[in-house]
Amino acid sequence: MVFCVFLLSLYSSHGQNDTVHFEINFTFNKEDLQLNKYYLLNGTDSVEINTLKFYISAISLLHNGETVWKEANSFHLIDAELNKSTKFDLAVKEGVIYDKFRFNLGIDSLTNVSGAMGNDLDPSKNMYWTWQSGYINFKLEGRSNVCLARKNEFKFHLGGYQFPYNCIQQVEFTLPQPDLIHLQIDLAEIISELRFGELDHIMSPSFSAMELSSSIAKKIRLRIP
Amino acid sequence: MKKSFILLFIYVYLFSSFRILNEKSFIVPTGFPEPAYDFSKNILTTEKIELGRALFYDPILSRDNSISCSSCHSVYNSFAHTDHDLSHGIDDLIGTRNAPALINLAWHKSFMWDGAVNHLEVQALAPITHPKEMDESMNHIVFKLSQSDLYTKLFMNAYNDTSITGEKILKALTQFQLIFVSSSSRYDSMTQKQIKFTYQEENGYNLFKKNCNTCHAEPLFSTYTFANNGLGLDTTLNDFGRMQITKERSDSLKFKIPTLRNIEYSPPYMHDGRFKSLFAVLNHYTSGIHQTTNLAPELKSPIILSENEKVDLIAFLLTLSDKKFIFNPDFSYPRELFAK
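Each protein sequence line maps, in turn, to chains A and B.
At position 187 of the first sequence (counting the first as 1) the number is 187 in my numbering, and the numbers step up by one without a gap.
Basically my numbering = 1-based index in the second sequence + 225.
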């Protein structure tokens, strides 16, 4: 009981803040990820990542399981190549108390059927399929000697907003400490689960796109300072 | 600006049954249903339509500045492409489908023969990036347009801002295409009781209502749904239509039902342009139907038409020709913009 009161007071004092800093980092085997650099994979094989781009959207904060704040127009294109895109501030209403952070990995179906969009959703960002409508939620491209494809390339364009191939993923974290939301993805964790010899590209909505999206979502971790 | 379609009609809904969707320019013709397009999110203006028109006619949208939208969608063919069964694009590469007429697009629920595209605003991305069509990227188009004085001016006029984005390009192209409304054919004059059909046209109309209207439904002459109308698979193309999108077997060989408005102007016919004349189309419906499991139920038992009835039915189809559309000065090549 006393502990609860203590927790409450802790959260409410943090609730005064009106900007919450968001940041996401990429690593490869715990080292900072560098694009276009060869990494060793399980001793013998090598892998290089050229493109890592994805959407996070519908950011919200919760308290005791209820949504207490939602970001307006919440669409962020994260691009490992653009450091700037990996951090931003959330303008959280003053006094909001929260213990959980939630977002979608990918773009919701309503947005997918609403025509041409601007800013991070602009089709000139190359995150929109052209021959069939829909956003690419997650793009991972690179090379590995294990890939049989041309130039040893692998290309995963994950997306699909329609049943049965809807592959948007909801991700949430309980926050031990508010005002700073620091996420992390270790690419080695994702890549070590891929079987390049069998599957080196996904370019359209499919069950494999859903499976990989869900596995990637589980690899997003909260970085505890 | 003298734009004949931009007339501000007085709101006399009850008497004229015209409905004005927004202050400018888009008029739902008498007897037409509500459009599927949401105009509130992309309000039509003269300047944006003008920008869209320039973009539609400008080969700057292709990799080597050789192909424009109008290369495959010519106003004289109701924005379809005659002479070619399959479309021709950049480097003379041949595509896999026939370019459809662009008519009454505000009422379409999806785009392309297989419905691959869910919204008119994102349709242009397909031809622009297709390696056999325009082979360009949106990124590079934004760059090319930013270098152009003409477009800096046109974007400024349209958006009150010189910054050029993919969204603005796509919305302007959409505005121009939304005004491709055909509602001034002989058929429309007949339904508005301004003229009477000839005996032959009347007979053809009755045959049409009996045999064709469930799919090519008045007044748009399409339900914009998908159907298998009994065309056999062309094994050189292996185009299974809708099934390629939904991956459902039941959608095999289904294609979007095309409108029959301006059908006179847009041969060849069908998704692969396999028929050169309307007679050939009618012969297909009377004696060429391929019986497959998901053939449309309307076509399971043969349509019977005598040779005279075919002539009458075609006489009716020709009443759907809209000369005002074909010769609408607002739709044509914007000579005044490109003259240097």
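Beta carbons are placed, not taken as given, at the ideal position from N, Cα and C, and that holds for glycine.
- Under the three-state reduction of DSSP, B:L503 is assigned to helix.
- The three-state secondary structure of B:L445, taken from DSSP, is coil.
- Using beta-carbon distances, A:Y128 counts as an interface residue toward chain B, with a partner under 8 Å.
- By alpha-carbon distance to A:N25, the top candidate from A:F154, A:Q162, A:E81 and A:Q169 is A:E81.
- Within the segment 464-495 of chain B, the residues whose Cβ lies closer than 8 Å to any Cβ of chain A are, in chain order, I470.
- Nearest to B:A279 by alpha-carbon distance, out of B:Y262, B:T321, B:M337 and B:T399, is B:T399.
- Boundaries of the beta strand (DSSP E) around A:L61: D45 to H63.
- Taking a beta-carbon distance threshold of 8 Å, A:M210 does not count as an interface residue toward chain B.
- When beta bridges are read from the DSSP output, A:Q169 appears opposite A:L105.
- Contact check for B:H441 against B:L485 passes: the beta carbons are separated by less than 8 Å.
- Close CB contacts of B:D310 within its chain, under the 7 Å cut and outside five residues either way in sequence, are with N323, P493, D497, G498 and R499 (chain order).
- Sequence-distant Cβ neighbours of A:D120 in its own chain, meaning closer than 8 Å and more than five residues away, are Y55, F75, H76 and L77.
- Taken through DSSP and simplified to helix, strand or coil, B:K418 comes out as coil.
- Of all alpha-carbon atoms in B:D317, B:A521, B:S409 and B:I488, the one lying nearest the alpha-carbon of B:D547 is that of B:S409.
- Note on B:Q372: under 16 other CB atoms within 10 angstroms of its CB, so exposed under the neighbour-count rule.
- Along the length of the segment 294-335 of chain B, whole alpha helix (DSSP H) runs at least 4 residues long occupy 294-297, reported in chain order.
- Boundaries for A:F156: no alpha helix (DSSP H) harbours it, while the beta strand (DSSP E) harbouring it runs E153 to G159, taken from the DSSP string.
- Taking CB atoms only, A:D108 has no neighbour in chain B less than 8 Å away.
- By the Cβ rule, the segment 100-120 of chain A counts as touching the segment 55-70 of chain A, because three or more pairs are nearer than 8 Å.
- Among the residues of chain B, none has a CB under 8 Å from the CB of A:S85; the nearest is roughly 16 Å distant.
- Here B:L330 is buried, its C-beta having at least 16 other C-beta atoms within 10 Å.
- For the C-beta of A:V113, the chain B residues within less than 9 Å are, from N- to C-terminus, N343 and H344.
- Ranked by Cα distance from B:V300, the options B:F401, B:K266 and B:H365 are led by B:F401.
- For the pair B:G429 and B:I539, the CB atoms are nearer than the 8 Å cut-off.
- By the neighbour-count criterion, in which 16 or more other beta carbons inside 10 Å mark a residue as buried, B:R288 falls on the buried side.
- In the three-state reduction of the DSSP assignment, A:N126 falls in the coil class, being assigned neither a helical nor a strand state.
- Cβ contact annotation for A:K219 (same chain, cutoff 8 Å, sequence separation greater than five): I185, D186, E189 and I190, in chain order.
- Setting aside the 5 residues that flank it on each side, B:V367 is surrounded in the same chain by I389, each with a C-beta closer than 6 Å to its C-beta; the list follows chain order.
- Rounded to the nearest angstrom, the gap between the Cα atoms of B:T517 and A:V146 is 44 Å.
- When 7 Å is used as the limit between beta carbons, A:A149 is near no residue of chain B, the shortest such separation being about 18 Å.
- For the C-beta of A:M117, the chain B residues within less than 8 Å are, from N- to C-terminus, E392.
- B:F281 sits in a helix when the DSSP states are folded into three classes.
- When only Cα atoms are considered, A:V20 and A:H182 end up about 10 Å apart.
- Within chain B, V347, L350, M363, G391, E392 and L395 have C-beta atoms less than 8 Å from the C-beta of A:P123, given in sequence order.
- Contact annotation, B:L542 with B:I488: C-beta distance approximately 5 Å; criterion of less than 8 Å satisfied.
- In terms of Cβ geometry, B:W332 and B:Y449 form a close pair [threshold 8 Å].
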